[in-house]
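Residue numbers (the working numbering), protein chains in the order written: chain A, 286 to 505; chain B, 286 to 505.
Protein chains: 2
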Amino acid sequence: MKPSTSIQDYLKRIYELTESGSPASTNDLARELNIKPASVTGMIQKLASEKPALIEYQKHQGVTLTSAGKKAALEVIRHHRLLETWLVQTLGYSWDEVHEEAEKLEHVISEDFERRIAAALGHPLRDPHGELIPTADLKMPLDDTTPLSALRKNQSGKILSIKGADADLLRYLDELGLTPNTMIEVIDYSPFDHNLTIKVEKKTHVLGLSVTSKIFIEES
Amino acid sequence: MKPSTSIQDYLKRIYELTESGSPASTNDLARELNIKPASVTGMIQKLASEKPALIEYQKHQGVTLTSAGKKAALEVIRHHRLLETWLVQTLGYSWDEVHEEAEKLEHVISEDFERRIAAALGHPLRDPHGELIPTADLKMPLDDTTPLSALRKNQSGKILSIKGADADLLRYLDELGLTPNTMIEVIDYSPFDHNLTIKVEKKTHVLGLSVTSKIFIEES
DNA sequence: TATAAAATTTAGTCTTGCCTAAATTATTGT
DNA sequence: ACAATAATTTAGGCAAGACTAAATTTTATA
Numbered sequence: 286m287k288p289s290t291s292i293q294d295y296l297k298r299i300y301e302l303t304e305s306g307s308p309a310s311t312n313d314l315a316r317e318l319n320i321k322p323a324s325v326t327g328m329i330q331k332l333a334s335e336k337p338a339l340i341e342y343q344k345h346q347g348v349t350l351t352s353a354g355k356k357a358a359l360e361v362i363r364h365h366r367l368l369e370t371w372l373v374q375t376l377g378y379s380w381d382e383v384h385e386e387a388e389k390l391e392h393v394i395s396e397d398f399e400r401r402i403a404a405a406l407g408h409p410l411r412d413p414h415g416e417l418i419p420t421a422d423l424k425m426p427l428d429d430t431t432p433l434s435a436l437r438k439n440q441s442g443k444i445l446s447i448k449g450a451d452a453d454l455l456r457y458l459d460e461l462g463l464t465p466n467t468m469i470e471v472i473d474y475s476p477f478d479h480n481l482t483i484k485v486e487k488k489t490h491v492l493g494l495s496v497t498s499k500i501f502i503e504e505s
Numbered sequence: 286m287k288p289s290t291s292i293q294d295y296l297k298r299i300y301e302l303t304e305s306g307s308p309a310s311t312n313d314l315a316r317e318l319n320i321k322p323a324s325v326t327g328m329i330q331k332l333a334s335e336k337p338a339l340i341e342y343q344k345h346q347g348v349t350l351t352s353a354g355k356k357a358a359l360e361v362i363r364h365h366r367l368l369e370t371w372l373v374q375t376l377g378y379s380w381d382e383v384h385e386e387a388e389k390l391e392h393v394i395s396e397d398f399e400r401r402i403a404a405a406l407g408h409p410l411r412d413p414h415g416e417l418i419p420t421a422d423l424k425m426p427l428d429d430t431t432p433l434s435a436l437r438k439n440q441s442g443k444i445l446s447i448k449g450a451d452a453d454l455l456r457y458l459d460e461l462g463l464t465p466n467t468m469i470e471v472i473d474y475s476p477f478d479h480n481l482t483i484k485v486e487k488k489t490h491v492l493g494l495s496v497t498s499k500i501f502i503e504e505s
């Protein structure tokens, strides 16, 4: 069964709040949804105990999405971002006017409608705000323009390209095994200096922002 | 406050069922809405007893719309028909595919969205099914192509034109005062022979289908 | 480390809008 | 006119999803 509008909103917010790797707290979720924390607890308990669970939840520990939940969330986000793109292109909305409209439409359009606007727009990669649009098979793309520095704890991917590095840096990265096509995994993130601890072929390294912003990756 | 999606559906169906002049029965409404008759009774009782009542209701007598209710219904119908027109024209839907999609979208689009698609379409008079689209000020247009024979009890309007009448008929209508710009009022309708009893300048006349189908009017 | 503050959960309530079963009112055929 | 039938309404319930107030757990501070 398709999740209700309310549940779709929960999933969408949980997705956004957990993009950084850490679980979403009841309080944060309540704030994002304009709902009282007590109500959020009730809903996440229900969502966690359903047949195919959409979320992972332990009392007092916050929530994360299961892979089923993530798919459902990406479906809504895809609808939202395609709608924004479409409204801007075909009805002359400005980028700051579309959000509210898409927020309502995203819950009611059919899959057929989704396919039609995606095709009409030429399967765009980003919406008018520059945000990436999840693909038709419900994966969030991490394209060339997404630097390693945007990844957080527990995310992993494959190096696509390295841009703007001088010969010295390239040699250094090569020594560490950081070349295109290599798989990497983010072990930790320091919010203070934006240093990332990453694992590459069994070894871990700590890299600063000046380096991670030059390495472009694709999520695995 | 904007009526809920459920209430909008009730109003839309009541509008359709009462177009012929007679009130809508609980049973018919239940059938149209795919809802049990007992549930309909509950809802119409609520709607009839609200601050600005949207419907007129007497036990066992069926319901009609108040003018506020009619406005709300026409708003939904306008949304629906504009959406159908727009989906067909911009996304290549065929006329038989759009209904379901419009049925969901009609409840969530903003007034701004309505204005934008109306303008983009050049303020169309009819939707892809040929149905008239209510105007922006929420009146159902009765254009040149709508004959007097389509009107029912309690409807009134102004004669726009007379088409296909021979000299004898024109002279006869002129005697009765039935000329363009004259206000008329339907007093009664006979479903057996389609005779209409109408009032024109304090006098009433009974007209047959062969006459009423040649007089074109605009609702007042 | 004890305690105050903040976050979270529990318990109980409310509204919307639907349902079933039973009672009542209207309508219809003879 | 009067029973049989159809339509309608009443009464009681349920699920979703929100809320408040109070209890509990966690975190932070002195």
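All C-beta atoms in this analysis are idealised placements derived from N, C-alpha and C, irrespective of residue type, glycine included.
Which of the three DSSP states, helix, strand or coil, is assigned to Leu445 (chain B)? Leu445 (chain B) carries a strand assignment under DSSP once its states are collapsed to helix, strand and coil.
>> Can you list, in chain order, the residues of its chain with a C-beta nearer than 7 Å to that of Pro426 (chain B)? Leave out the 5 residues immediately preceding and following it.
In response: Excluding residues within five positions, the ones whose Cβ falls inside 7 Å are Leu410, Leu417, Thr420.
| request: Give me the Cα-Cα distance between Ser291 (chain B) and Thr431 (chain A), rounded to the nearest whole angstrom. | output: So the alpha carbons of these two residues sit roughly 44 Å apart.
In whole angstroms, what is the alpha-carbon distance linking Val348 (chain A) and Pro337 (chain A)?
Straight-line Cα distance between these residues: approximately 16 Å.
_Going by beta-carbon coordinates alone, are Met328 (chain B) and Tyr295 (chain B) separated by less than 8 Å?_
For Met328 (chain B) and Tyr295 (chain B), yes; Cβs fall inside 8 Å.
(message) Is the beta carbon of Lys438 (chain B) closer than 8 Å to that of Ala473 (chain B)?
(response) Ala is not the amino acid found at residue 473 (chain B); the sequence shown has Asp there. Remark: C-beta atoms of Asp473 (chain B) and Lys438 (chain B) approach each other more closely than 8 Å.
**Study point:** Contact belief for Lys484 (chain B) with Lys448 (chain B) at Cβ below 8 Å, rounded distance in angstroms
**Key:** Not confirmed; about 22 Å, so no contact.
*asked:* If you reduce the DSSP assignment to three classes, tell me which class Glu460 (chain A) lands in.
replied: It is helical.
Please confirm whether Leu367 (chain A) has its beta-carbon closer than 8 Å to some beta-carbon of chain B. Any Cβ of chain B closer than 8 Å to the Cβ of Leu367 (chain A) would place that residue at the interface, and such an atom is absent.
Query raised in the report: Is it buried or exposed for Gly493 (chain B), if we count other Cβ within 10 angstroms and need 16 for buried?
Result: It is exposed - the Cβ of Gly493 (chain B) has fewer than 16 other Cβ atoms within 10 Å.
> Does Thr370 (chain B) get closer than 8 Å to chain A when you measure Cβ to Cβ?
Replying inline: False, the Cβ-Cβ gap to chain A never drops below 8 Å.
Give me the chain A residues within the contact set of Leu376 (chain B), using Cβ-Cβ distance strictly less than 8 Å, ordered along the chain. Going along chain A in sequence order, the residues near Leu376 (chain B) (Cβ under 8 Å) are Phe398, Arg401, Ile402, Ala405.
Taking a cut of 9 Å between CB atoms, which residues from the stretch 349 to 366 of chain B lie near chain A?
Result list empty, no residue passes.
Glu388 (chain A) - containing alpha helix (DSSP H), residue span: First-last of the alpha helix (DSSP H) with Glu388 (chain A): 383 to 390.
Just the chain B side, please: which residues come within less than 9 Å of Val373 (chain A) by C-beta, in chain order?
-> Residues of chain B with a Cβ closer than 9 Å to the Cβ of Val373 (chain A) do not exist; the shortest Cβ-Cβ separation is about 11 Å.
If you measure from the beta carbon of Lys448 (chain A) to each beta carbon in chain B, is any gap under 8 Å? Judged by the 8 Å Cβ criterion, Lys448 (chain A) is not in contact with chain B.
Point to revise | Which of helix, strand or coil DSSP assigns to Met328 (chain A) | key: Here Met328 (chain A) sits in helix by DSSP.
Practice prompt. Report the rounded CA-to-CA distance for Ser324 (chain A) versus His364 (chain A), giving the unit in angstroms.
Written response: Ser324 (chain A) and His364 (chain A) have their C-alpha atoms spaced approximately 26 Å apart.
Which partner residues of Met468 (chain A) appear in the DSSP bridge assignment?
DSSP lists A:Lys443 as partners of Met468 (chain A).
**Asked** Buried or exposed: Thr497 (chain B), going by 16 or more other Cβ atoms within 10 Å of its Cβ?
**Response** Around the beta carbon of Thr497 (chain B), 16 or more other beta carbons lie within 10 angstroms, which makes this residue buried.
Review point. Quick one: what's got a C-beta closer than 7 Å to Leu463 (chain A)'s C-beta in the same chain, skipping five residues either side?
Key: Annotation for Leu463 (chain A): Ile444, Val485, Ile500 place their beta carbon closer than 7 Å to its own, counting only its chain and skipping 5 residues before and after.
When you compare the CB of Val393 (chain A) with every CB in chain B, is at least one pair closer than 8 Å? Taking CB atoms only, Val393 (chain A) has a neighbour in chain B less than 8 Å away.
Practice item. May I ask you to list the residues that DSSP assigns as paired with His414 (chain A)? Key: Bridge partners of His414 (chain A): none, in fact.
**Asked** Helix, strand or coil: how does DSSP classify Pro308 (chain B) here?
**Response** Coil at Pro308 (chain B), not helix or strand.
key: N-terminal and C-terminal residue of the alpha helix (DSSP H) that Ile292 (chain B) is part of   = Segment 290 to 302, the alpha helix (DSSP H) holding Ile292 (chain B).
Per-residue contacts from Lys287 (chain B) into chain A (C-beta, under 9 Å)
Per Cβ cutoff of 9 Å: no residues; Lys287 (chain B) is ~12 Å from chain A at best.
### Task
Report the option in A:Lys389, A:Glu503, A:Gly377 whose CA atom is closest to the CA atom of Met468 (chain A).
Of the candidates A:Lys389, A:Glu503, A:Gly377, the one whose C-alpha sits nearest the C-alpha of Met468 (chain A) is A:Glu503.
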